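Some notes on the structure that comes next.
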Amino acid sequence: MSTRKTILAGLLIAGLCPAASKLNVVTSTEDLAAIGREIGGDRVTIDSIAKGYQDPHFVEPKPSFLLKLQKADLLAVVGLQLEIGWLPPLITQSGNSRIQVGSKGYFDLSDVCEILEHPTGTVTRADGDVHPLGNPHYWLDPENGRRIARAFKAKFSEMQPADDAYFEQHLKDFEQRLTDAEKRWDAQMAPYKGRKVVTYHRSLPNFAKRFGLDVVDYVEPKPGIPPTPSHTLEVINRMKQENVKLILVEPYFDLRTPNSIAQQVGGTAIVILPSVGGEKQVQTYFQLFDYDVNLLTTAFGKYK
Ligand SMILES: [Zn+2]
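First residue of the sequence shown? That's -3 in our numbering, and the numbers climb one at a time after it.
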């Protein structure tokens, strides 16, 4: 063995080689990856499975996902069954004991966030509801983003204690920038408090609560169920009665029904981003809110 190799081997054994000690994190969605990167910086490798322009309820599994999961030290998930249609078999097939449900490397962020639309009574999937445990789109409230960041900090420090001070500093910095950004978003949205909108899917309850919007109806009759003619008619009537002009549509849904509803009520259907990565220029948690707040305020400005 050459001297160089001996030194490298020594560093690896001592855990001093940066490449060897980096925590390998996989997230189910780009939103979790974006927040995790704010805290992990260059001390953690983070890769997400679903892309931000995909419907996170329905992601087509690929062999590359398995490769990511096989190498992961930590798997961060949104939970509340958001990923139930595609992730559980991948976790099992990965054969990676570190990330199995219940192990230290399985990290469900719904545990630390404010969750809305908790179901009451008996929960059944018979009607196709894809939100049986409460609404899983909770990352669209910056306060939940803050909670996710704090949880990542605690988890990274637990799994990579040598970098605790680094993660702590990054969390502090993130929280400061988030607090500043929230003031900006609040100021932009303030004139439109109480505005009524329709959304395609139930993606925005946390966003609506945070910024004072009133979501009066949904293009989907139930979460995960495509539009039906009778429900579409109900939405049109409701929008006419309540003078609602905007339909907010996630990027992965067909715009034909929203456009036809908008046409009949003299309104507009616009594509709102529920996730980081929904558009190329939206690569951070801050850019996600900047994009949506600008989109909404511009659209609201066109209607009294
Ligand atoms: Zn959903």
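Ideal placement from N, C-alpha and C gives every residue a C-beta, glycine not left out.
Just so it is clear, the structure is predicted and the values come from calculations on it, not from any experiment.
| query | result |
| --- | --- |
| C-alpha gap between ARG142 and LEU136, whole angstroms | 11 Å |
| Neighbourhood of TYR162 by C-beta, 8 Å cutoff - its chain only, sequence neighbours within 5 removed | GLY37, ARG39 |
| Delimiting residues of the beta strand (DSSP E) encompassing PHE285 | No beta strand (DSSP E) holds PHE285; the alpha helix (DSSP H) holding it covers 281 to 297. |
| Spatial distance of GLU139 from ALA29 (CA atoms) | 17 Å |
| LEU78: CB within 8 Å of a non-hydrogen atom of ligand 1 | yes |
| Check: HIS53 C-beta below 8 Å from any heavy atom of ligand 1 | yes |
| SER153, enclosing beta strand (DSSP E) - first and last residue | Taken as a continuous stretch (DSSP letters only), SER153 belongs to no beta strand (DSSP E), being part of the alpha helix (DSSP H) at 138 to 155. |
| Whole-angstrom distance between PRO247 and TYR281, CA atom to CA atom | 17 Å |
| Outcome for VAL21 when other beta-carbon atoms lying within 10 angstroms are tallied against a minimum of 16 | buried |
| Exposure of PRO115, with buried meaning 16 or more beta-carbon neighbours within 10 Å | exposed |
| Rounded distance between the beta-carbons of PRO217 and PRO223, thought under 8 Å | 7 Å |
| Euclidean distance between Cα positions of TYR299 and SER60 | 46 Å |
| Per-residue DSSP class, three states only, for ASN233 | helix |
| Distance cut-off 8 Å: GLY220 Cβ against heavy atoms of ligand 1 | yes |
| Span of the alpha helix (DSSP H), counted from its first residue to its last, around LYS67 | 59 to 67 |
| Ligand 1 heavy atom lying under 8 Å from the CB of PRO132 | yes |
| Inter-residue CB distance, GLU110 and HIS127 (contact presumed, cutoff 8 Å) | Not really, about 15 Å apart at Cβ, beyond 8 Å. |
| Among ILE31, ASP125, LYS100, the one whose alpha carbon lies nearest that of GLY220 | ASP125 |
| ARG94 CB to nearest heavy atom of ligand 2 below 8 Å | Ligand 2 is not part of the structure shown, which contains ligand 1 as its ligands. |
| Alpha-carbon spacing of GLU230 relative to LYS189, whole angstroms | 25 Å |
| Of the listed residues GLY48, GLY32, GLU178, TYR49, nearest to THR41 (C-alpha basis) | GLY32 |
| Given LEU62 as reference, the closest of ASN202, TYR49, GLY48, SER44 once Cα atoms are compared | SER44 |
| HIS114 Cβ short of 8 Å to ligand 1 heavy atom set | no |
| Cβ pair TYR102, VAL55 closer than 9 Å | no |
| Ligand 1 heavy atom lying under 8 Å from the CB of ARG33 | no |
| Residues of its chain near ALA147, where Cβ-Cβ distance is below 7 Å and the 5 sequence neighbours each way are ignored | LEU105, VAL108 |
| CB contact flag (ARG272, GLU79, <9 Å) | Residue identity differs from the one stated: residue 272 is Val in this sequence, not Arg. No, they are not a contact pair. |
| GLN89 burial status per 10 Å Cβ neighbour count (16 or more: buried) | exposed |
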